[in-house]
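Undergrad: Pasting a structure here, questions to come.
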Amino acid sequence: MRRSHVFATAVLLMGFVSPIWLAADELLDRIDAQRPKYIEIASRIWRWAEVGYREVQSSSLLADELEAAGFEVQRGVADIPTAFVAEFGSGKPVIGILAEYDALPGMEQEAVPAKQPLKSNKAGHACGHHLFGTASTWSAITVKEQLAAKKLKGTLRLYGCPAEEGGSGKVFMVRAGLFNDCDVVLHWHPGSENRAGLETNLANISGKFRFRGKAAHAAGAPHQARSALDAVMLFAHGVDLLREHVPQETRLHYVITNGGNAPNIVPDFAEVYMYARHPDPKTLDGIWNRIEKCAEGGAIATETTRSLELVGNTANLLPNDALAKLLDKHLRAIGGVTYSAEETAFAEKLRPSLLRPELPPLTEAAQVKSVGEGQRYGSTDVGDVSWAVPTGGFSTACVFPGVPMHSWQAVACGGTTVGHKGMVIAAKTLTLATLELFNDPKQVAAARESFDNRRAGKSYQTRFPKDQRPALNYRDNATVEP
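For the sequence shown, this note's numbering assigns the number 61 to the initial residue and increments by one for each residue that follows.
Shown next as structure tokens:
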């Protein structure tokens, strides 16, 4: 038995004695024995690199694996073709595990320590969702086998969640009532450290502002034109000036997805894709209203018209004290990541490309960092789930310490054993924590108590209108007027 497995078993037995934990070492060994299978699954999803709402192969692969393992799988839930719910068992408690599998556009990269885009794909798993979805599926199947063997009561669900990167897939899944009877939801995320999360993050609103004007010859008859691109530029300038007059925690960023077709044609259509973030959703609403006024000003000044497609709206995470404690316990029992000589050499070639004067030592990946409250500056639709049901999460080191997510370096790490090692830690941690929730009603009750305390006096409401459907084509840049 591995030393870490002995430690894991000991930690579990210290908490309570139950027959399910007497074979914890065998359970972890079984997970280790399945590494080749799930590494191949993660590698296939990494190679496919499908963007939000287009994860046809990735979602099907995971759903097929769950179905073959004995789960009842409902596909195409919440009006989303690539969303699914896999369920096993019946009755209470109902424990859910989240899985993500969307990639990021423009992030193609080979699994090498120098920038070298793939020639077959223009997207890449720069946030490690190929590892996320695979580890969650791996854990769910392992837990299912234990529930069946021990004949434990309860319902296990794996939620296949598309388009986390900006598409707000989980928001529509929450709205569809898919989490209504869930007692606890667990999730994890690839990162550069091992840590159970009590942090919150930024709420997010995103949308595509579209301007329409009149085309004309840019040299021969510019006075007959009304430039949609000018409207975009004025809108962007207004947003840039607005940065001085919003709370300092605010994040504003945009890309121009269509600026016209040729310099000698005054553009009659232009589009800008805008993100706004802030820790407080109500404050963010006020900021977004001012952003819309910037768009109105750009349209008035250029005599163009404007429209808005609301693409994303996610809430801030609601931390859960009890689940953070539970996940921290199991993450510490499993331990962190140690790198081989080959992986260390890979890091030495890759890390000089990072724009940081100082980088943490590689040995930080072997540590499990302390749980602590704080503010993170990313956004995720897991936040919306956390306002509907007690939700707990953690991260594992799937990239070298100091490597930022959403970078080509992260894509490279995720396609190697560096990412695979973090995925294994996640699968083990999820498995042990989920089994404890099934076996100990007090843990479920504690999670609910923390949820009620954290949410007391606060409300949740999405900005999406009730009749709005997911923006399934949001990854399409507007090369022509929609």
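The C-beta atom is built at its ideal place from N, Cα and C for all residues, glycine as well. Note that the structure is a prediction, hence the values are computed from the model and not measured.
When the Cα of Asp124 is compared with those of Met167, Trp198 and Lys182, which residue comes out closest?
TA: Among Met167, Trp198 and Lys182, the Cα nearest to that of Asp124 is on Trp198.
Undergrad: Excluding the 5 residues preceding and the 5 following Lys481 in the sequence, name in chain order all residues of the same chain whose CB lies nearer than 6 Å to its CB.
TA: Correct list, in chain order: Val397.
Undergrad: Cα separation between Ala361 and His283?
TA: Roughly 14 Å between the two C-alpha positions.
Undergrad: Considering Cys221, what are the terminal residues of the alpha helix (DSSP H) in which it resides?
TA: Element bounds for Cys221: not the alpha helix (DSSP H) but the beta strand (DSSP E), Gly214 to Cys221.
Undergrad: Between Tyr534 and the rest of its own chain, which residues show a CB-CB distance below 6 Å, the 5 nearest in sequence each way excluded?
TA: The residues are Gly227 and Val371.
Undergrad: Is the CB-CB distance between Thr343 and Pro307 below 8 Å?
TA: Yes; because the gap between Cβ atoms is below 8 Å, this pair is in contact.
Undergrad: In the DSSP assignment, what are the bridge partners of Ala457?
TA: Paired residues: Gly251.
Undergrad: If you draw a straight line from the alpha carbon of Thr456 to that of Phe239, how long is it in whole angstroms?
TA: Taking the straight line joining both Cα atoms gives about 25 Å.
Undergrad: Would DSSP call Asn349 helix, strand or coil?
TA: Three-state result, Asn349: helix.
Undergrad: Determine the closest residue to Gly156 out of Arg95, Ala143, Gln94 and Cys242, with distance taken between C-alpha atoms.
TA: With distances taken between Cα atoms, Gly156 lies closest to Cys242.
Undergrad: Around the C-beta of Tyr437, are 16 or more other C-beta atoms found within 10 angstroms, so that it is buried, or is it exposed?
TA: The residue in question, Tyr437, is exposed, as its Cβ has fewer than 16 Cβ neighbours within 10 Å.
Undergrad: What residue range is occupied by the uninterrupted beta strand (DSSP E) comprising Tyr437?
TA: Unbroken run through Tyr437: none, as it is neither H nor E.
Undergrad: Can you tell me whether DSSP reads Glu369 as helix, strand or coil?
TA: In this structure, Glu369 counts as strand in the three-state DSSP scheme.
Undergrad: Using the C-alpha atoms, what's the distance from Ser430 back to Trp375?
TA: Here residue 375 turns out to be Ala, not Trp, going by the sequence shown. C-alpha separation (whole angstroms): 25 Å.
Undergrad: Could you name the residues that DSSP lists as bridge partners for Tyr333?
TA: Paired residues: Lys268 and Val315.
Undergrad: Given a threshold of 16 other Cβ atoms within 10 Å of its Cβ, counted over all protein chains shown, does Trp81 qualify as buried or as exposed?
TA: Low confidence applies to Trp81: its pLDDT is 43, below 50, so where it sits in the model is not reliable, and the reading given next is rough at best. Trp81 is buried by the Cβ-count criterion.
Undergrad: Just to confirm my understanding: we take Ala256, look at its own chain, exclude 5 residues before and 5 after, and list those with CB closer than 6 Å. What are they?
TA: The residues are Ala384, Leu387, Asp388, Leu391, Val431 and Phe454.
Undergrad: Short of 6 Å in beta carbon distance, which residues of its chain neighbour Glu168, apart from the five on each side in sequence? Order them along the chain.
TA: Answer for Glu168: Pro177, Leu178, Asn181, Lys182 and Gly184, listed in chain order.
Undergrad: Run through DSSP, which three-state label would Lys211 get?
TA: Reduced to three states, the DSSP call for Lys211 is coil.
Undergrad: Figure out for me which residue from Arg90, Glu205 and Arg235 has the closest Cα to the Cα of Arg529.
TA: Nearest C-alpha to Arg529: Arg235.
Undergrad: Of all the options Ala507, Gly320, Gly267 and Leu301, which has the alpha carbon lying nearest to the alpha carbon of Ser287?
TA: Ranking Ala507, Gly320, Gly267 and Leu301 by Cα distance to Ser287 puts Gly320 first.
Undergrad: Under 7 Å Cβ to Cβ from Thr194, same chain only, skipping five residues before and after it: list those, please.
TA: Tyr98, Ile101, Ala102, Ile105 and Met483.
Undergrad: With distance defined between alpha-carbon atoms, name the residue in Ala355, Leu121 and Asp345 nearest to Asn264.
TA: Checking every option, the nearest Cα to that of Asn264 belongs to Asp345.
Undergrad: Among the candidates Ile351, His338 and Leu289, whose CA atom is the shortest distance from the CA of Ala322?
TA: Ranking Ile351, His338 and Leu289 by Cα distance to Ala322 puts Leu289 first.
Undergrad: Answer yes or no: do Ala278 and Val326 have a C-beta to C-beta separation smaller than 8 Å?
TA: It is a contact, given that the beta carbons lie within the stated cut-off.
Undergrad: Might you give, ordered along the chain, the residues of its own chain that have their beta carbon closer than 8 Å to the beta carbon of Arg63, omitting 5 neighbours on each side?
TA: Residue placement at Arg63 is flagged as unreliable, the pLDDT there being 44, under the threshold of 50; a coordinate-derived value is accordingly withheld.
Undergrad: Which whole-angstrom value is the C-beta distance of Met186 and Ala407, which I expect to be below 8 Å?
TA: Note that residue 186 is Ala in the sequence shown here, rather than Met. Their Cβ separation, rounded to whole angstroms, is 18 Å, which puts Ala186 and Ala407 out of contact at 8 Å.
Undergrad: For Leu368, count neighbouring C-beta atoms within 10 Å of its own C-beta (all shown protein chains included) and say buried if the count is 16 or more, exposed if not.
TA: Counting Cβ neighbours within 10 Å, Leu368 comes out exposed, since fewer than 16 surround it.
Undergrad: Using only the alpha-carbon positions, how far apart do Leu216 and Phe271 sit?
TA: Distance between the alpha carbons of Leu216 and Phe271 is about 47 Å.
Undergrad: According to DSSP, which residues form a beta bridge with Glu260?
TA: Strictly speaking, residue 260 in this sequence is Thr, with Glu absent from that position. Gln435.
Undergrad: Rounded to whole angstroms, what's the CA-CA distance from Lys353 to Leu301? Just pull it up for me.
TA: Their Cα atoms are separated by approximately 13 Å.
Undergrad: Out of curiosity, what's the CA-to-CA distance linking Trp468 and Asp162?
TA: In a straight line, the C-alpha of Trp468 is about 16 Å away from that of Asp162.
Undergrad: Looking only at C-alpha atoms, which of Val231, Trp248 and Gln435 sits nearest to His338?
TA: Selected option, being the one with the closest Cα: Gln435.
Undergrad: How far does the beta strand (DSSP E) with Val145 in it extend, from its first residue to its last?
TA: Residues Phe144 to Ser150.
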